[in-house]
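Residue numbers (our numbering): 21 to 465.
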Amino acid sequence: MVEPIRLTTREQRQALIEGASFNPFLLRAEDVIVDLLTDSGTSAMSADAWGAMLRGDESYAGARSWYRFRDTVKDIFGFEQLIPTHQGRAAEHILFGVTVQPDSIVPNNAHFDTTRANIEFRGGKAVDLPCSEAGDLESDYPFKGNMDTAALDALVKREGPMRIPLIMVTVTNNTAGGQPVSMANIREISRIARAAGIPFYIDACRFAENAQFIKRREPGFSDVASIDIARQMFSFADGCTMSAKKDAFANIGGFLCSDDADLAQRERNILILSEGFPTYGGLAGRDLEAVAVGLREVLDEDYLDYRLLSTRYVVEHLRTAGIPVLVPAGGHAVYLNARQFLPHIEPLQYPGQALVVELYIEAGIRGVEIGTVMFGLDPHTGEEQAAKNDLVRLAIPRRVYTQSHMDYVLEAIEILWQRRDRVRGMRIVEAPQFLRHFTAKFARI
Ligand SMILES: *Cc1c(COP(=O)(O)O)cnc(C)c1O
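Next comes the structure, spelled out in structure tokens:
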């Protein structure tokens, strides 16, 4: 897909971001020059994927497109049960709807925002157990997405399978900087889960990027095809949730897998109420086709090498310029450390949000705060505290921007770095109880 970029002036952007209550989610997309809000659903689709969409079979039940989708997912992910959904969060909503009770605990290396919100919505507790290396934003540890398996083991021994309906691991770890999870870590989580009789699920949104990191960084995998690494990852799990808007290049789509036929039956009961018939879920036949093609393309070794290298390009330039950025480079995004970038702004004045706003005003770049705005509020007590980090995520859509777009982004960040001490903090004027970062309204302090 080729799209026009409409250039705006600084004065226009100043007015536009004020009109959007200093929340870039509330901007019009056409007012954004380089859109790094998310890599979700924003990938460029291939000629093959568009071609496949034209043969989408829109039969209500048992469409040819469903069987192509099902066979592809089965081939890569390997699970017996497959529930198609319109997005990853619909898969989460259904999964937690049948597994999570008000007293439940769900451990994860780090929950993604919708995953956490879906667990909390059911009254459960979402517990993050990142490895200790994840806390050191400057360490070059190769698998900072790993879960702290000793902490998991202790939690499982303390709470037991009655309170823990499932254990999840997110690959790559979006919340902790798009960092990968090693095969050894996945194997160990699986061992702990199986010993305790607790199902183990993978949040698989960026499974292909994770597989490529394993190939490049974990001993013993350099000669293994990325598809076989992916298959091995899923062989340790009992199920997965997936957003096809990430590592399937699709604009919409997702699914939920498991090997548990009884559970899948209960999930299908909800699926029919909220998404659709079991052979299309929330998707049109043409969407199923696009996902089936995308899942194959995303495992192309050349694509994956290019993907990881292009993200590293941005991170290495920032690091060389002395700008605080999370290292090593993750797969899908660059994370600026807003708390270090703007040390004069305290966490409850949202340095990440302030940086996001300035990036837009400076150059029309749209990023997203991943910090105290996103995670600081406990929706049940209404209490607010500083999140562990205040980051700004610049997500890189797949196959969309060129190196020169990224050079423009680098220049803008460097200009902002020069005038950082003049940036002011923010306060929230209005916000909803759940997932407040999407629609909150802000004012400058
Ligand atoms: C995007 C994402 C989800 C949710 O998927 P949607 O398709 O946006 O609903 C869940 N987990 C992770 C890690 C994600 O990145």
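Beta carbons are placed, not taken as given, at the ideal position from N, Cα and C, and that holds for glycine.
In this text the structure is predicted, and so the values were computed from the model without any measurement.
Beta bridge counterpart(s) of residue i as assigned by DSSP
i: Leu411; result: Asn357 and Ile390
i: Ile212; result: BP columns for Ile212 are empty, so no partner.
i: Thr119; result: Its beta-bridge partners do not exist; DSSP assigns none.
i: Pro150; result: Met167
i: Asp479; result: One cannot answer for residue 479 here, as it falls past the ends of the chain, which runs 21 to 465.
i: Met188; result: Tyr221
i: Leu397; result: Glu404
i: Lys145; result: Ile125
i: Ile385; result: Val54
i: Arg464; result: Met446
i: Thr261; result: Asp223 and Leu276
i: Ala193; result: At residue 193 the sequence reads Asn, which differs from the Ala that was named. Paired residue(s): Gln199.
Spatial distance of residue i from residue j (CA atoms)
i: Ile125; j: Ala146; result: 6 angstroms
i: Asp267; j: Ala228; result: 6 angstroms
i: Phe297; j: Ala83; result: 11 angstroms
i: Glu78; j: Phe269; result: 21 angstroms
i: Glu378; j: Ile465; result: 14 angstroms
i: Phe97; j: Val335; result: 31 angstroms
i: Arg236; j: Gly402; result: 43 angstroms
i: Thr340; j: Gly71; result: 43 angstroms
i: Val22; j: Val54; result: 13 angstroms
i: Gln360; j: Tyr161; result: 20 angstroms
i: Met65; j: Gly305; result: 16 angstroms
i: Asp168; j: Ser60; result: 27 angstroms
i: Glu50; j: Ala174; result: 50 angstroms
i: Gln369; j: Phe132; result: 23 angstroms
i: Val467; j: Ile37; result: Outside the displayed range of the chain (21 to 465) lies residue 467, so it cannot be described from this structure.
i: Asp223; j: Asn289; result: 22 angstroms
i: Gly155; j: Phe233; result: 20 angstroms
i: Asp31; j: Arg142; result: According to the sequence provided, residue 31 is Glu. The question's Asp does not apply to it. Cα to Cα, the separation comes out at about 45 angstroms.
i: Leu554; j: Leu291; result: This structure cannot settle anything about residue 554, because the visible part of the chain is limited to 21 through 465.
i: Met73; j: Val191; result: 28 angstroms
i: Gly198; j: Arg48; result: 26 angstroms
i: Ser263; j: Leu315; result: 11 angstroms
i: Ala35; j: Arg386; result: 15 angstroms
i: Gly180; j: Leu172; result: 11 angstroms
i: Thr459; j: Val449; result: 11 angstroms
i: Leu362; j: Ser159; result: 21 angstroms
i: Tyr380; j: Ile433; result: 10 angstroms
i: Val354; j: Arg214; result: 35 angstroms
i: Thr299; j: Glu404; result: 43 angstroms
i: Gly76; j: Tyr87; result: 11 angstroms
i: Val176; j: Glu208; result: 13 angstroms
i: Leu436; j: Glu382; result: 7 angstroms
i: Leu346; j: Leu157; result: 5 angstroms
i: Arg286; j: Asn138; result: 17 angstroms
i: Glu321; j: Val313; result: 15 angstroms
i: Thr92; j: Arg109; result: 21 angstroms
i: Met394; j: Gly350; result: 20 angstroms
i: Gly39; j: Gln121; result: 41 angstroms
Sub-8 angstroms separation of residue i and residue j beta-carbons
i: Ala216; j: Gln101; result: no
i: Ser210; j: Ala250; result: no
i: Val429; j: Leu411; result: no
i: Pro417; j: Thr62; result: yes
i: Thr135; j: Gly302; result: no
i: Ala406; j: Thr422; result: no
i: Gly273; j: Val318; result: no
i: Ala358; j: Gly372; result: yes
i: Glu140; j: Pro399; result: yes
i: Asn128; j: Gly165; result: no
i: Ser242; j: Ala231; result: no
i: Tyr221; j: Thr195; result: no
i: Glu309; j: Ser152; result: no
i: Gly259; j: Thr28; result: no
i: Ile103; j: Ala284; result: yes
i: Pro44; j: Thr119; result: no
i: Leu46; j: Val388; result: no
i: Asp248; j: Arg183; result: no
i: Arg456; j: Leu397; result: yes
i: Val201; j: Phe163; result: yes
i: Ala111; j: Phe275; result: yes
i: Asp325; j: Phe99; result: no
### Task
Go through the region 436–462 residue by residue and report every complete run of the beta strand (DSSP E) that reaches 3 residues or more, in order.
Taking only runs of at least 3 residues, the beta strand (DSSP E) segments lying wholly in the region 436–462 are 446–450.
### Task
Kindly provide the ranges of any alpha helix (DSSP H) runs that are 4 or more residues long and lie completely inside the region 72–104, ordered along the chain.
Runs of the alpha helix (DSSP H) spanning 4 or more residues and lying entirely within the region 72–104 occur at 84–97, in chain order.
### Message
So if I measure from each beta-carbon to every heavy atom of ligand 1 and keep distances below 6 angstroms, which residues remain?
### Response
Result: Ser60, Gln107, Gly108, Arg109, Phe132, Thr134, Thr135, Thr190, Asn194, Asp223, Cys225, Ser263, Lys265, Lys266 and Gly274.
### Query
What runs of the alpha helix (DSSP H), each 4 residues or longer, lie entirely inside the region 281–349?
Secondary structure in the region 281–349: the alpha helix (DSSP H) runs of 4 residues or longer, each lying completely within the stretch, are 281–294, 305–317 and 321–340 in chain order.
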